[in-house]
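Residue numbering for the sequence shown follows this note's numbering, beginning at 18 and increasing consecutively.
Glycine is no exception: its CB is placed at the ideal position from the N, C-alpha and C atoms.
Because the structure is a prediction, the values reported are computed rather than measured.
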Amino acid sequence: MATAGEGDHHLVDDAVLADDGAVHRGAQAPGRFPCIGRRTDGRGCIGSVHRRSIVLPLPELPEIEVVRQSLRPVLEGASMRVVRVGPHDMRARGRGRNARVRGPWMTARQLLDGARIDRLERCGKQLAIVARDGRTLVVQLGMSGQLIAGDCDATHRHVTWDAVRGRSRVPVTFRDPRRFGGLSSWPTFDAVRQAWDDELGPDALDIDPGHLRTALTGRRSVKAALLDQRAVAGVGNIYADESLHRAGIDPRMRCTRLRDHDIEVLAREIRHVLGRAVVRGGSTLRDHRSAIGSRGDAQQEHAVYGRGGLPCLGCGSAIRTCRLAGRTTSWCPACQPLVHRQSPGNVRTSVRHRSRH
C-alpha cells in the first residue's frame, strides 16, 4: 500500500519528541517521530513487521467494526493533540524475527496533531481516521493492537492523543504489545480509498454473490480463498470457518467445484455471521476489546472454530481439524460434505440457530 507523498512526509511541525517520549511544543527542532508497527513501502508510516505463522486469534472485520463504532462518539468532531509517542523500535519485515528499526520518521502532522476529525472509515480489517483537512491515519491492529478511549496505564503505549471538545478531553491510546499492527499516514482519504480498491477485495460485510464468485476462482481451497484479503476483505480464520459451516461447504473444496447455489448461500452466510458478530461486540478470545474496554461475546455462537474433537452442535458428529493455508481449520464432516448433496439446504437449517452456552 502506498503512503503519503514526499511533500507530506517531509513536513516539519513545532512539536518535538523528547527522550522520554513526551511532546514539547514551541521548540525549534523539527518534530519527527520514529515509526511504529507496519511499513509497506518504507515512507510515511509507523514501522513494519516480520510476518510468521501464529496460532493466536487475530482481530477480523467484526472486531475492527466494533472498535470503529465505539470510537466514533469520541473522535468525530473532536480536535486531536498528540501527547506522547513511544516506544521507538519495532520488528522489521525482512530483517529477521528479532530485528528492530528506528525510522523512517513521522511528523506530528502525520499523526493528525491539530486535526479535527471528520469520520472513521473501515475496509476489511483496516480502520481509517479521516480529518476534515483530508489527512488520514490508517490503523491496523494486527494480533494484539488496541485503540483505547480513556485513561490507559497499560504497557506498550505507542501513541497517545487527546481528543478535545471544548473543555472536555478524552485520552486515546494506540498500543500493540506484540507489534504486528501499526499506523500509516496518508495525505487524503481518496488516496487510501484508491489503495483499498487496488489491494483489497470487496468488504465482506457487504459481499454479494457476483463479487464472491469473482473472488473464489482457481483450484485453491475455498477456505484459502476466503482468507486472501485481495479476494474478500475482512474474513479471517474464525469467521471463514463459521461461514462455511453455516453454508454447508467443506473448507477443503476447490473453488472450481462451487456451484452458483453454493456461492449464493455462502455470500448470505458470510454477511450473517459477520453481522451477528458485530452486534455481539466481536469475539473476545484474547486481546479484543472495544475502544471503551467492553468485551465481545460472539464466541458464544462459534459452532466449529476452536471446537476440534467436540460434537457438532447440529448433528453430533465430531468436529474435525486440519491445516489449510497455514491456519488450523475446523469443520463438521457430516454438515459440510466434500461431495455435493441433492438438497444442500437440509443440513444448514439444523445448525443456523444453535449456540454453544
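Within 10 angstroms of the beta-carbon of Pro-90 lie fewer than 16 other beta-carbons, which makes it exposed. By the beta-carbon neighbour count (other beta carbons within 10 angstroms, threshold 16), Asp-225 is exposed. Taken in chain order, the complete alpha helix (DSSP H) segments of 4 residues or longer contained in the stretch 183 to 262 are 206 to 216, 226 to 232 and 239 to 244. In the structure shown, Leu-291 falls within a helical segment according to DSSP collapsed to helix, strand and coil. An exposed status is given to Thr-231, since fewer than 16 other beta-carbon atoms sit within 10 Å of its beta-carbon. Where Glu-77 is concerned, there is no enclosing beta strand (DSSP E), because DSSP gives it neither an H nor an E. Gly-343 counts as exposed, since fewer than 16 other beta carbons sit within 10 angstroms of its beta carbon. Between the alpha carbons of Glu-82 and His-175 lies a gap of roughly 21 angstroms.
The Cβ atoms of Ala-248 and Pro-79 lie no closer than 8 angstroms to each other.
Secondary structure at Ala-132: coil, using DSSP grouped into helix, strand and coil. With contact defined as three or more Cβ pairs closer than 8 angstroms, the stretch 214 to 228 and the stretch 184 to 198 are not in contact.
Spatial neighbours of Arg-182 in its own chain (CB-CB distance under 6 angstroms, excluding positions within 5 residues in sequence) are listed in chain order as Ala-95.
Taking Leu-233 as reference, the option from Gly-325, Arg-98, Arg-101 and Arg-271 with the minimal CA-CA separation is Arg-271. Residue environment: Val-356 is assigned as exposed (fewer than 16 neighbouring CB atoms within 10 Å of its CB, all protein chains considered). Secondary structure at Gln-353: coil, using DSSP grouped into helix, strand and coil. A straight-line Cα-Cα distance of about 24 angstroms links Gln-127 and Met-160.
Going by beta carbons, Arg-263 and Ser-238 fall outside the 8 angstroms limit.
Note: Ser-347 is bridge-paired with Thr-338 in the DSSP secondary-structure output.
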